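Protein chains in written order, with the UniProt record's numbering: chain B, 1 to 357; chain A, 1 to 357.
Following: one structure in structure tokens, then a few remarks.
2 protein chains.
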Amino acid sequence: MLDKRRLSRVIEKMTTDCLLITDPISIAYLCGKKIEPGERFLGLLIGKEIEPVLILNQLFRFSDELGIKIQYYKDTDRITNIISRFIDKKSSLGVDKIMPARFLIPMMEEKIASEFKLGSYAVDHTRAIKDACEQELMRAASHINDLAMAEFKKLIHEGVTEVEVASQMLGIYQRLGASGYSFEPIVAFGKNAADPHHMPDDTVLHEGDTVLFDVGCVVNGYCSDMTRTFFYKKYPTPEQVEIYNLVRQANENAEHYCKPGVRLCDIDAIARNIITEGGYGEDFTHRLGHFIGTETHEYGDVSQMFTDLTVEGNTFSIEPGIYHPSILGCRIEDLVLITKDGCEVLNHYPHEIEVIK
Amino acid sequence: MLDKRRLSRVIEKMTTDCLLITDPISIAYLCGKKIEPGERFLGLLIGKEIEPVLILNQLFRFSDELGIKIQYYKDTDRITNIISRFIDKKSSLGVDKIMPARFLIPMMEEKIASEFKLGSYAVDHTRAIKDACEQELMRAASHINDLAMAEFKKLIHEGVTEVEVASQMLGIYQRLGASGYSFEPIVAFGKNAADPHHMPDDTVLHEGDTVLFDVGCVVNGYCSDMTRTFFYKKYPTPEQVEIYNLVRQANENAEHYCKPGVRLCDIDAIARNIITEGGYGEDFTHRLGHFIGTETHEYGDVSQMFTDLTVEGNTFSIEPGIYHPSILGCRIEDLVLITKDGCEVLNHYPHEIEVIK
């Protein structure tokens, strides 16, 4: 059913006359129904002066359940002709960030609007502010992720491979009440932990190895995402402890700084300065965090480039890391929720150095 | 490793000075490596006059294994600045069909090229012509699909639900040697078969029901896709037999017509005319088929709108259907491969009316 409150929040933020939304997740956010059109066109056209209309292939039939005007088209129709019926040629048209070139370029060539702009911000920024119900679901997903992390640790034993560990994670999540992964889990042993995007392979675990888990699940459509770095059988060396504690301090100071009205780039700087001053700035190769919700990576970065201010209801990751091939690869990640006057860390799995026996 | 033969086939077909390819599957087709950049930019820039360059976030590090120049960027870099280093502002730039607006519109606003065109055809049309090795993999995937169809039939018994049947399919595919689904299987009982995109639900099977399976698997990265419509315990009524035979005749006549150098819309017409003359044209609501390869739906339609000519090495589906809510929903689908002087039907599961006891 069309969510008129969400729709009016999006319309308020629009900077073009019309906005054509093609992301099925944004459409589900506004209409309450996930439609998977495959390579066929799906669009929700909205604007201050027009009645919202959903443009949909006739293969996907709905009755009145969506509470929105639907314009069906056939495989034999030209999409630009269908869309242009609802747009005044003199108006400006925003499109969302994922609109593919195969739809966008023909619309431009046929000049169905006077101007084409990236209009994603209105819907993306609305989605980035979670309402009370969404916040509850984000808490639930991270709670299950905390429980799962404790279970994943039990999969660790001498001689096990990364793939063997990873292959048991989905079952554990499902037993705990999640519907699935929010992304393919990262399980990295030893030097593999120094590759931030390592995918599980046949690497075998040995005493003294690092064990990095970057994992998340989906609960009622909302995502979790957390990283912990453990040590197998041996307490880390002094150099490793130094790196671990820098990452931990970067994580905790950044989380402590989170509150409404601060620049996201400043949160990144808190963590980055700690790691840089510790002498490992070159080994922290990525942004501090990303927004998250019904998608694992949503619009919004915690990065040097992203100057937007935090708003109550934002949920994002804080995930500093140091990737030093010869000493240690380490990342500690939590999700946080910006509250009225501060922030709530959604993950409660401890940050202390932990040696798996 | 960069496949120079494939690359030169793409370059030959280009109509712009440069082409920026962003589809990870097309990049894997040309470079031999599937890279999943998430929401980060990944692009392969090619052209007649320039050395190919892969533009990649530094989080994804490769040594020389790809045999191609790589330009790494950081999360803090502006993508348009990185891309524009390799493109003469006076040259025309093609982009592929999936390039998202969040990259395309800034490139246009910053005028990094003199003209922007949809240039997907060069790479999509090259991918649509399967070489001998790819043809072998397409055969293997459809062979396993044939074997699986025979197994799926055994899951059918009084009182079973669609979801119960569907949930066992992945295991069967994997035992037969497939790595997974090429798409979520459609299992539709009774009236549900009259919805071409029905997803399995808790509908219970009863005597006299139709049983429609639209299923496919992935084998060594290549996809299969086949549909059969069975009847449970009771032989179909004369009206149902009439519809079934029309669909079968449409399928077989269209397949018989397939050879190099015919218009894809004419193949569609063969099937559509049979169904229309049989009085059910309104109930055949979709195109006759789609191209298929490493993706289930690739560039290329067998539809009224698609006037391209077939070429040796094309692989696509032939899947006529009649969706009549009160009599029968029925679809019969095979994959075909265009050969030197005709076509090879890749599926061998019979078309005869079959009653599951």
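C-beta: ideal position from N, C-alpha, C; glycine also.
The model shown is predicted, which means the values in this text are computed figures rather than measured ones.
R102, L104, I105, P106, F116, K117, L118, S120: these are the residues of the region 102 to 134 of chain B whose beta carbon lies less than 8 Å from some beta carbon of chain A, given in chain order.
Rounded to the nearest angstrom, the Cβ distance from A141 of chain B to Y222 of chain B is 5 Å, consistent with a contact under 8 Å.
Distances from the CA of P106 of chain A to each of B:L118, B:S84, B:I105, B:K111 were compared; the closest alpha carbon is that of B:L118. Annotation note: the region 130 to 205 of chain A contains the following uninterrupted beta strand (DSSP E) runs of length 3 or greater, listed N- to C-terminal: 186 to 189.
By the C-beta criterion, the region 158 to 175 of chain A is judged to be in contact with the region 195 to 208 of chain A, since at least 3 inter-stretch pairs fall below 8 Å.
Around the beta carbon of M138 of chain B, 16 or more other beta carbons lie within 10 angstroms, which makes this residue buried. For F103 of chain A, the enclosing alpha helix (DSSP H) has its first and last residue at 101 to 109. Residue state for K33 of chain A is assigned as coil, using DSSP reduced to three classes. For N347 of chain A, the secondary structure class from DSSP, reduced to helix, strand or coil, is coil. Sorting B:V204, B:A193, B:V218 by C-alpha distance to the C-alpha of R175 of chain B places B:V218 at the top. Within the same chain, and ignoring the five residues on either side of D268 of chain A in sequence, the residues whose Cβ sits closer than 6 Å to its Cβ are L288, V302, S303, Q304. Beta-bridge partners of K233 of chain B (DSSP): none assigned.
Beta-bridge pairing by DSSP links Y121 of chain A to no other residue. Residues of chain A with a Cβ closer than 7 Å to the Cβ of V95 of chain B are, in chain order, A101.
Its Cα nearest to that of V160 of chain A, the residue A:G190 stands out among A:G261, A:G190, A:C265.
DSSP, read as helix, strand or coil, puts C223 of chain B in strand. Secondary structure note for Q71 of chain B: its beta strand (DSSP E) is the uninterrupted segment 69 to 73. Contact between I27 of chain A and L42 of chain A holds, since their C-beta atoms are separated by about 7 Å, short of 8 Å. Annotation for R331 of chain B: no alpha helix (DSSP H) segment contains it, though the beta strand (DSSP E) segment containing it runs 328 to 331.
Within the region 231 to 250 of chain B, no residue has a Cβ lying closer than 7 Å to any Cβ of chain A. Residue B:L147 holds the alpha-carbon nearest to the alpha-carbon of G177 of chain B among B:L147, B:E242, B:T126, B:P236. For the pair V53 of chain A and G32 of chain A, the Cα-to-Cα distance works out to about 14 Å. Judged by beta-carbon spacing, L309 of chain B lies beyond the 7 Å limit of G279 of chain B, meaning their Cβ atoms are not closer than that value. DSSP places L337 of chain A outside any alpha helix (DSSP H); the residue lies instead in the beta strand (DSSP E), whose first and last residues are 334 to 338. A Cβ-Cβ contact shorter than 7 Å links E354 of chain A with F230 of chain A. Contact annotation: I172 of chain A and D214 of chain A have beta-carbon atoms that are not nearer than 7 Å.
Look at R175 of chain B: its C-beta is not under 7 Å from any C-beta on chain A. Rounded to the nearest whole angstrom, the CA to CA distance from V211 of chain B to H286 of chain B is 20 Å. For H324 of chain A, no CB of chain B lies under 7 Å from its own CB, so it is not counted at the interface with that chain. For the pair C265 of chain B and T307 of chain B, the CB atoms are nearer than the 7 Å cut-off.
A distance of 7 Å or more separates the beta carbons of I112 of chain A and S91 of chain A. Rounded to the nearest whole angstrom, the CA to CA distance from V204 of chain A to G321 of chain B is 51 Å. Pairing N253 of chain B with S317 of chain B, the inter-Cα distance amounts to about 14 Å. Check the Cα spacing between R228 of chain A and each of A:K234, A:P100, A:G216, A:N81: the tightest is with A:G216. Annotated three-state conformation of S114 of chain A is coil, per DSSP. Contacts between P196 of chain B and chain A, judged by CB atoms closer than 7 Å, involve L59 in chain order.
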